[in-house]
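Encoded as structure tokens, the structure appears first; notes follow it.
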Amino acid sequence: MTAPNVNTLWAETLVSELVAGGVDAACLSPGSRSTPLTVAFAEHPEVEVFSHLDERSAAFFALGRARRTGEPTPLVCTSGTAAANYHPAVIEANQSGVPLLLLTADRPPELIDSGANQTVDQEKLYGDAVRWYRDMPEPEAEPRKMRMLRTTAARALTESTGADPGPVHLNCRFRKPLEPTPTPADDPAGVPDDWAGGDDAAEAGRDGPFVSTSEGVAEPDEETVRRVRAAIRTAERGLIVAGPADQGLGAASLERLASATGFPVLADPLSDLRFGPHVDRLDVPVCGGYDGYLGSGGVEEWGDPDVVVRFGASPTSKPLRHYLRDADCRQFVVDPSGGWPEAEFTATDLLVADSDATADALAAEPLGGGSESWRERFAGAERVHWAAVDETVAETYWEGGVLADVAALAPDPATLFVSNSMPVRDVDRFGRPRDADLTVLGNRGASGIDGITSTALGAGSATADPLVLVTGDLAYYHDMNGLLALGRCGVDATVVLVNNDGGGIFHMLPIEDHPTFEDQFRTPHGLDFEPTEALYSLEFERVADRRAFRERFGESVRSDGTQVIEVQFDAGDSHAVRDRLAEQVAEALAGD
-7 MTAPNVNTLW AETLVSELVA GGVDAACLSP GSRSTPLTVA FAEHPEVEVF SHLDERSAAF
53 FALGRARRTG EPTPLVCTSG TAAANYHPAV IEANQSGVPL LLLTADRPPE LIDSGANQTV
113 DQEKLYGDAV RWYRDMPEPE AEPRKMRMLR TTAARALTES TGADPGPVHL NCRFRKPLEP
173 TPTPADDPAG VPDDWAGGDD AAEAGRDGPF VSTSEGVAEP DEETVRRVRA AIRTAERGLI
233 VAGPADQGLG AASLERLASA TGFPVLADPL SDLRFGPHVD RLDVPVCGGY DGYLGSGGVE
293 EWGDPDVVVR FGASPTSKPL RHYLRDADCR QFVVDPSGGW PEAEFTATDL LVADSDATAD
353 ALAAEPLGGG SESWRERFAG AERVHWAAVD ETVAETYWEG GVLADVAALA PDPATLFVSN
413 SMPVRDVDRF GRPRDADLTV LGNRGASGID GITSTALGAG SATADPLVLV TGDLAYYHDM
473 NGLLALGRCG VDATVVLVNN DGGGIFHMLP IEDHPTFEDQ FRTPHGLDFE PTEALYSLEF
533 ERVADRRAFR ERFGESVRSD GTQVIEVQFD AGDSHAVRDR LAEQVAEALA GD
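In the numbering used here, the protein residues as written are -7 to 584.
Given below as structure tokens:
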């Protein structure tokens, strides 16, 4: 490999190794100190480059791609506050186990703590939120260092996507010249013709990754399988709970386990299991309405489950979490990384093993089938809940009804990204299970409302499926910069903007009755988002009723370009509808 200077050689080697390890895209933000990396990625023929002016949006965009693909999209930024702007996405990736690879450019060591411009302490900038950190040595055309660089690239990808996936940070220091400027071989920044001294591995790498890592699947041992099977076989009332799909359960393994146990399945909308062909194929109910009935008085008469087997992250639904908290039963939590995703502290067993391998091992023998009356209780509650939802949606135009319509009308296939605050809660309670290839995503690791648009667009960039984003007005405001990716990165979307003029979720909290509520919590802003149409070259339309929304939504998901469909509501009114609907379901179940 020849290069005009050592920085170019170093950056091209790093990028070539990342590509050999499977990287096919990168998110770049402009800056001087990162020039060697930017040029190396931009000129590599096998890398698709996504250019972002805002580092925070870039990081969430890369996060979204990784949520959709399971692989990291490297991020490149210059030194200083640019790297700090990655931090919110790093936190989300850490909390939710999403691969992320951060390549932050930095100044030479002697400039640290010197008052030099755009120089901050970037060592371990993200603390313990990363799976692995490496402060890279300054580039040098020396065989051992180049083998180290190639090995580091391979290790960074492995650490990011391993048994405990998450962010990896490589801090890359560069001296000038930063551009690919030809430099004499005898200059400290130059590259001698014989720098490798015949070390072909250092100079040209190997056929494929410099280091290939093979990771086995963590399967439960036989004694664990026997122990869990014994608990299931003696259970009349059992449940399979599928939380958000952070290393969650696959549909095929779910089918096998549900068929073997006869247990109802409570599928979070972010589990990848609420939607799909298995919904209609299984003989046990795949439940999506539990958030609307588990807290009702009628359910208390059912009795506690005897055993619960839970996969994925902590469920979105608070009523479900509290139901599991209060249940006096054996609860098995399966988590491949051993992360203890159990905030109610009532689980009895943690199984540190692959989710699919665990389910398949348990289902390898018949497990008893459970109680038919127990299954029918959940099936009946689902019927009551969805009948009440259908009736309410038909009669009333409100926030939850919009999410019910989105879940029902989203194309097959499609990627649906839902914002935090009320949208994810509404799709949890009102998103009815159906036979459709619908991938539902959200940022539930830290549950922030920053970076929502960018994450959704990043997910959309990784698939040809139609992209639907449902976001609130505050989340839309927080990440308007992310809309620039529509044109710069070639992503189309249908954006459903639920505008209730402020923090509507605070109506659910006791602070609603406090004098500070309006100005300090609900914080109405009065913003008109229609000007984003001209600013970001999208189509913006405000609809006033359900019929208009359904028509416009259907047109949008079939159209090219990006359409923002704004629906305006009073948050208090929508919460009143949710409360009436919950009371209706509770009364119906109590009368059964």
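Every residue, glycine too, gets a C-beta built ideally from N, C-alpha and C.
> Does the separation of the CB atoms of PRO28 and ALA50 fall below 8 Å?
Replying inline: Not a contact, by the Cβ cut-off of 8 Å.
> Taking only runs of the alpha helix (DSSP H) that begin and end inside the segment 119 to 191, which ones reach a length of at least 4 residues, in chain order?
Replying inline: 135 to 153
>> Could you tell me the alpha carbon to alpha carbon distance between LEU430 and LYS137, rounded to whole angstroms?
In response: 46 Å
> Is the Cβ-Cβ distance between VAL7 and LEU94 less than 8 Å?
Replying inline: no
> Identify the residues that DSSP records as bridge partners of ALA234: which are they?
Replying inline: ALA259 and PHE303
> Does the segment 349 to 360 come close enough to the segment 199 to 211 to have 3 or more Cβ pairs within less than 8 Å?
Replying inline: Cβ pair count under 8 Å is three or more, so yes.
>> Taking 7 Å as the limit between beta carbons, can you name the residues of its chain near GLU40, skipping five residues before and five after?
In response: ASP16 and ALA17
> How far does the beta strand (DSSP E) with PHE324 in it reach, from first residue to last?
Replying inline: Counting along the chain, the unbroken beta strand (DSSP E) around PHE324 starts and ends at 322 to 326.
> In chain order, what residues of the same chain have a beta carbon less than 8 Å from the beta carbon of ARG424, not counting five sequence neighbours either side?
Replying inline: GLY280, GLY281, TRP378, VAL381, ALA396, ALA399 and ALA400
>> To test your reading of the DSSP string, which unbroken beta strand (DSSP E) runs of 3 or more residues are found completely within the segment 370 to 437?
In response: 406 to 410 and 430 to 433
>> So, under 8 Å CB-CB, VAL569 and THR384 are touching, yes? Tell me the CB distance rounded to an integer number of Å.
In response: 7 Å
>> THR340 and GLN323 - do their beta-carbons sit closer together than 8 Å?
In response: yes
> What are the partner residues of LEU478, as DSSP defines its beta bridges?
Replying inline: Looking at the DSSP assignment, LEU478 forms no beta bridge with any residue, so it has no partner.
>> Under DSSP, the alpha helix (DSSP H) around THR445 begins and ends at which residues?
In response: 444 to 453
> Which term fits GLU588, buried or exposed, when burial requires 16 or more other beta carbons within 10 angstroms of its beta carbon?
Replying inline: Any answer about residue 588 is impossible in this case: the structure gives the chain only from -7 up to 584.
> Would GLY586 pass as a contact of ARG48 if the rule is Cβ separation under 8 Å?
Replying inline: The question about residue 586 has no answer, for the chain in this structure spans -7 to 584.
>> Once DSSP output is grouped into helix, strand and coil, what is the label at ILE104?
In response: coil
> Taking Cβ to Cβ, would you say GLY304 is nearer than 8 Å to ALA237?
Replying inline: yes
>> For VAL271 and ASP264, I'd like the C-alpha separation in whole angstroms.
In response: 11 Å
> By DSSP, does ARG534 sit in helix, in strand, or in coil?
Replying inline: strand
> In this structure, does DSSP put LEU265 in helix, strand or coil?
Replying inline: For LEU265, the three-state secondary structure derived from DSSP is coil.
> Is the segment 528 to 539 touching the segment 468 to 481, taking contact as three or more C-beta pairs under 8 Å?
Replying inline: yes
> GLU247 to PRO261, Cα distance in whole Å?
Replying inline: 17 Å
> GLY158 and ARG123 look like a contact to me (Cβ under 8 Å); what is the Cβ gap, rounded to whole Å?
Replying inline: 5 Å
>> Just to check my reading of the structure: LEU449 and ALA485 have Cβ atoms closer than 8 Å, yes? What is that Cβ distance to the nearest angstrom?
In response: 7 Å
> Under a Cβ-count criterion, where at least 16 other Cβ atoms within 10 Å of its own Cβ denotes burial, should ASN109 be classed as buried or exposed?
Replying inline: exposed
> Thinking just about the alpha-carbon of each residue, which of LEU241, GLY235 and PRO64 is nearest to the one in LEU258?
Replying inline: GLY235
> Whose CA, out of GLY564, ALA222 and LEU343, lies closest to the CA of SER329?
Replying inline: For SER329, the closest of GLY564, ALA222 and LEU343 by C-alpha to C-alpha distance is LEU343.
> PRO172 to TYR118, Cα distance in whole Å?
Replying inline: 30 Å
> For ASN77, which beta-bridge partners are listed by DSSP?
Replying inline: According to DSSP, ASN77 bridges with nothing at all.
> To which residues of the same chain is ASP348 closer than 6 Å at the C-beta, ignoring the five residues directly before and after it?
Replying inline: GLY242 and SER245
>> Just to confirm my understanding: we take THR554, look at its own chain, exclude 5 residues before and 5 after, and list those with CB closer than 6 Å. What are they?
In response: LEU478, ASP484, ALA485 and LEU530
>> Quick test of your reading: PHE53 and HIS44, contact by CB under 8 Å. State the CB separation rounded to the nearest angstrom.
In response: With a Cβ gap of about 6 Å, PHE53 and HIS44 count as contacting.
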